[in-house]
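Written below as structure tokens is the structure these notes are about.
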Amino acid sequence: MTTETAGPLEASDSGPSSTGSRTTMILGIVTLLALGVLVLFGLILSPADENQGDAVRIMYVHVPSATLSYVGCFMTTIGSAVYLWRKSQWWDLVAYASAEVAALFTAFTLVTGMLWGRPTWGVFWVWDARLTSEAMLMLLLLGYLAVRGIAADYQVRAKRAAIVGLLLVPNVFIVRQSVQWWRTLHQKPTLTLAGAHIQGLMLFSLFTGFVAITLVFIWMVIHRFRVAWLEEQVNAEGLDVAIAERRAEGVVS
Amino acid sequence: MLHDAWLIARKDLKLEIRSRVALNQVVPFALLVLVLFAFALDPDRGLLEKATPGLYWIAVLFSGLLAMQRSFAVEAADGVTDALRLSGLAPAGIYLGKTLSVAVQLLVLEVLLGVGVAVLYGTSITGWLLLIATIVVATAGISTAGTLFGVVAAGLRVRETLLPLLLLPVLAPVLIGSTRAFEAALSGTPSEGWPWVGLMSVFAAVYVVAGIFGFGPLMEES
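Sequence lines, in order, name chains A and B.
Start counting the first sequence at 1345; every next residue gets the next number (the numbering used here).
Start counting the second sequence at 2; every next residue gets the next number (the numbering used here).
So, in structure tokens, the structure goes:
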């Protein structure tokens, strides 16, 4: 496929021509291996926690995915800022891909958190500062993705999404701050993991979790980006083809 | 820029005064919300009075959404957006003007709703200074963010559903802050409320800056 750029895009914009490449295939294999190691350490080798029992094993995927949901937000804001500055489609789609993967990781964090909360706290949900901010993060990301999904020209969609994406990190900061005050001004700091010292094999399992989940995150963002890129290329090309067809119709033989 | 803002604000407010849509539809809607809360939470149990700050600000947000939708709906008809773009007014000025006109409408709404909760929910009002400061910064926050996201959603077929989805999570800090500050004022412990006023001021400042710089690119597009 040609990497012909559409409209006012910079000529330097060049992107992938397929969703796979040698490098990402190796990355994928490494990711699978890392996940295998995580399963080994997280589910088999590491011991159960004294207080939390086997539920602690959820933490090995929960904590890394929560961290990466925030990383994804940062990438969206950076991508949006660079798009507004340089008008480069590449960065716009980086923002898009990161936001979508971040939304997935946020959802995963919320679900694993609830599954952990039920046996540990006895309830699926408490109005704890961290839980609430993660839920708000999900809603902010859904808002961004809703703007991405609007039926409009690429330029219109990208520009509006970029404004929303640019404000994503400031919003996350202010929301986190307000939620923290909201929960701590009137009551004691709620349930935390403080005091639960983790060391030895458990610490190593958490570390493995970070490595494996980060690799999954990178792999997903790269592939989501490539799909988005190719999608835009097809759209741009499809428009050219349609215009050519209409022109051809006009020629009366 | 400030002169442009003044022109736009005056235009929008004149439009509202003449069309009376805000007066005939948005204000009654706000009062309706107050009555609906009374239906939902039995007035005899004292819940309404206890929940007044939260209910008040929810009513402000929901009826404010209508005012903000309208602020851009009036531009959508008859290609007024293009005329606005051609007018040569600074985008930042247009943004500030729209924000100002939304803020004025919100203030009127808030005063009326304040009278409404005092009368209907029997809330006794104390801590005037904090209440007024809260209203000022919360209104600034809602109108600055609302105008910016309003133009993000403007002109789209899905704007009515998109704006609440974009705006309400963003306004969560304002809702939390204004509710807590009102609670502090009404319960006679205003010192607890002032940090929230500070937080909402930061929020409004962030959005004023974002709006001034972000409005230009948004206005340029086709």
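Where a beta carbon is used, it is the ideal one built from N, C-alpha and C, also for glycine.
- What residues from chain C crowd round B/V159, counting only those whose CB sits closer than 7 Å? As a matter of chain content, chain C is missing from the structure shown, whose protein chains are A and B.
- Message: Can you look up A/D1497 in the DSSP assignment and give me helix, strand or coil?
- Response: As a working note, residue 1497 of chain A is residue 153 in the first sequence. A/D1497 falls in the coil class under three-state DSSP.
- Message: Just verifying my parser: in three-state terms, what is the DSSP assignment at A/D1436?
- Response: As a first step, residue 1436 of chain A is located in the first sequence; it is residue number 92 there, counting from the start. Secondary structure of A/D1436 (DSSP, three-state): helix.
- Message: Let's see if you can read the secondary structure: which residues bound the alpha helix (DSSP H) around B/K51?
- Response: The residue labelled residue 51 of chain B in the question sits at position 50 within the second sequence. For B/K51, the uninterrupted alpha helix (DSSP H) segment begins and ends at 48–51.
- Item | Cβ-based burial, A/A1443 [other Cβ within 10 Å; buried from 16] | Position 99 of the first sequence, counting from 1, holds the residue named residue 1443 of chain A. Buried: at least 16 other Cβ atoms inside 10 Å.
- Query: For A/G1553, does the count of other Cβ atoms within 10 angstroms reach 16, so buried, or fall short, so exposed?
  - Reply: Residue 1553 of chain A sits at position 209 when you count from the first residue of the first sequence. Under this definition A/G1553 is a buried residue.
- Out of curiosity, what's the CA-to-CA distance linking A/A1451 and B/T53? As a working mapping, residue 1451 of chain A is identified with position 107 in the first sequence. As a working mapping, residue 53 of chain B is identified with position 52 in the second sequence. The alpha-carbon atoms of A/A1451 and B/T53 are separated by roughly 33 Å.
- Would you verify that the beta carbon of B/G199 is, or is not, closer than 7 Å to some beta carbon of chain A? Translated into positions along the second sequence, residue 199 of chain B becomes position 198. False, the Cβ-Cβ gap to chain A never drops below 7 Å.
- Since A/D1393 sits in a beta bridge, which residues does DSSP pair it with? Counting from one through the first sequence, the residue named residue 1393 of chain A turns up at place 49. Note: A/D1393 sits in a beta bridge opposite A/G1397.
- Message: Beta carbons nearer than 7 Å to chain A: which residues of the stretch 159–179 of chain B have them?
- Response: Those would be V159, L163, L166, L167, P170, V171, A173, P174, I177, G178, in chain order.
- Item | Minimum C-alpha distance to B/A60 - residue among B/P44, B/L149, B/L113, B/V203 | For the purposes of this step, residue 60 of chain B is taken as the residue at position 59 of the second sequence. For the residues B/P44, B/L149, B/L113, B/V203, the minimum Cα distance to B/A60 belongs to B/L113.
- Query: Residues in its own chain within less than 7 Å of A/F1418 by CB, not counting five upstream and five downstream?
  - Reply: Taking the first sequence and counting its residues from 1, one reaches residue 1418 of chain A at position 74. These residues qualify, in order along the chain: V1513.
- So with Cβ pairs under 7 Å, would you call A/L1485 a contact of chain B? To locate residue 1485 of chain A, count along the first sequence from 1; it is residue 141. Output row for A/L1485: interface = no.
- Message: My output table needs one value for B/R158: the three-state DSSP class, helix, strand or coil.
- Response: Translated into the one-based positions of the second sequence, residue 158 of chain B becomes position 157. Coil, per DSSP.
- Indicate whether the contact test is met: 3 or more Cβ pairs, each with one atom in the stretch 172–189 of chain B and one in the stretch 127–145 of chain B, closer than 8 Å. By the Cβ test, the stretch 172–189 of chain B is in contact with the stretch 127–145 of chain B, since at least three Cβ pairs between them sit closer than 8 Å.
- Excluding five sequence neighbours on each side, which residues of the same chain lie with their C-beta closer than 8 Å to the C-beta of B/G94? In the second sequence, residue 94 of chain B corresponds to position 93, counting from 1. If the five residues before and after B/G94 are omitted, its C-beta is found closer than 8 Å to the C-beta atoms of M2, L3, H4, D5, A6, L8, I9, all from its own chain and listed in chain order.
- Item | Contact list for B/F204 against chain A, beta-carbon separation under 7 Å | Taking the second sequence and counting its residues from 1, one reaches residue 204 of chain B at position 203. The answer, in chain order, is I1518.
- Message: Taking a contact to mean a Cβ-Cβ separation below 7 Å, would you say B/L149 touches B/G212 in this structure?
- Response: Here the question's residue 149 of chain B lines up with position 148 in the second sequence. Here the question's residue 212 of chain B lines up with position 211 in the second sequence. Between B/L149 and B/G212, the gap from beta carbon to beta carbon is short of 7 Å.
- Query: Cα separation between A/M1480 and A/R1591?
  - Reply: As a first step, residue 1480 of chain A is located in the first sequence; it is residue number 136 there, counting from the start. As a first step, residue 1591 of chain A is located in the first sequence; it is residue number 247 there, counting from the start. Across the structure, A/M1480 and A/R1591 are spaced so that their CA atoms are roughly 49 Å apart.
- Below 7 Å CB to CB, which residues in the same chain sit around A/V1467 once its five sequence neighbours on both sides are set aside? Counting from one through the first sequence, the residue named residue 1467 of chain A turns up at place 123. Taken in chain order, the residues that qualify are G1461.
- Query: Name the chain A residues that come within less than 7 Å of B/P92, Cβ to Cβ?
  - Reply: By one-based count along the second sequence, residue 92 of chain B stands at place 91. Chain A residues near B/P92: none, gap ~12 Å exceeds 7 Å.
- Check each candidate in A/P1463, A/Q1396, A/T1363, A/L1484 and name the one with the smallest Cα separation from B/A173. One-based indexing of the second sequence puts residue 173 of chain B at position 172. The candidate whose alpha carbon is nearest that of B/A173 is A/L1484.
- Check whether the Cβ atoms of A/S1424 and A/L1510 sit closer than 7 Å, and answer yes or no. Stepping through the first sequence from its first residue, residue 1424 of chain A is reached at position 80. Stepping through the first sequence from its first residue, residue 1510 of chain A is reached at position 166. Result yes, Cβ atoms of A/S1424 and A/L1510 sit closer than 7 Å.
- Are the stretch 65–73 of chain B and the stretch 17–30 of chain B in contact at 8 Å, needing three or more beta carbon pairs? Segments in contact, yes.
- At least one CB of chain A closer than 7 Å to the CB of B/P218: is that the case? Numbered from 1 along the second sequence, position 217 holds the residue referred to as residue 218 of chain B. Yes, contact with chain A.
- Message: What would DSSP say about B/A41, mapped onto helix, strand or coil?
- Response: Stepping through the second sequence from its first residue, residue 41 of chain B is reached at position 40. Secondary structure at B/A41: helix, using DSSP grouped into helix, strand and coil.
- Query: How about A/N1579: is its C-beta nearer than 7 Å to some C-beta of chain B?
  - Reply: Looking up residue 1579 of chain A in the first sequence gives position 235. No, A/N1579 lies away from the interface with chain B (no Cβ there is under 7 Å from its Cβ).
- Query: the stretch 81–106 of chain B: which residues have C-beta closer than 7 Å to a C-beta of chain A, in chain order?
  - Reply: Cβ contacts with chain A: none found.
- Start-to-end residues for the alpha helix (DSSP H) that takes in A/R1591: The sequence position of residue 1591 of chain A within the first sequence is 247, counting from 1. For A/R1591, the enclosing alpha helix (DSSP H) has its first and last residue at 1544–1594.
- Query: Is the stretch 1562–1580 of chain A close to the stretch 1369–1385 of chain A, with three or more CB pairs under 8 Å?
  - Reply: Yes: at least three Cβ pairs fall under 8 Å.
- Does DSSP put B/F204 in a helix, a strand or coil? In the second sequence, counting from the first residue as 1, residue 204 of chain B sits at position 203. Note: B/F204 maps to helix in three-state DSSP.
- Taking any Cβ of chain B, which residues in the stretch 1502–1515 of chain A have a Cβ under 9 Å from it, in chain order? For the stretch 1502–1515 of chain A, the set of positions with a beta-carbon nearer than 9 Å to some beta-carbon of chain B reads K1503, R1504, A1505, A1506, I1507, V1508, L1510, L1511, P1514, N1515 in chain order.
- Under 9 Å (Cβ pairs) to chain B, residues found in the stretch 1417–1428 of chain A: Here the close residues are L1428.
- Below 7 Å between beta carbons: does that hold for A/V1491 and A/V1508? Locating residue 1491 of chain A in the first sequence gives position 147, counting from the first residue. Locating residue 1508 of chain A in the first sequence gives position 164, counting from the first residue. Less than 7 Å separates the beta-carbon of A/V1491 from that of A/V1508.
- Kindly give me the distance between the Cβ atoms of A/H1567 and A/T1363, rounded to whole angstroms, as I take these residues to be in contact under 8 Å. Locating residue 1567 of chain A in the first sequence gives position 223, counting from the first residue. Locating residue 1363 of chain A in the first sequence gives position 19, counting from the first residue. Their Cβ separation, rounded to whole angstroms, is 6 Å, which keeps A/H1567 and A/T1363 in contact under 8 Å.
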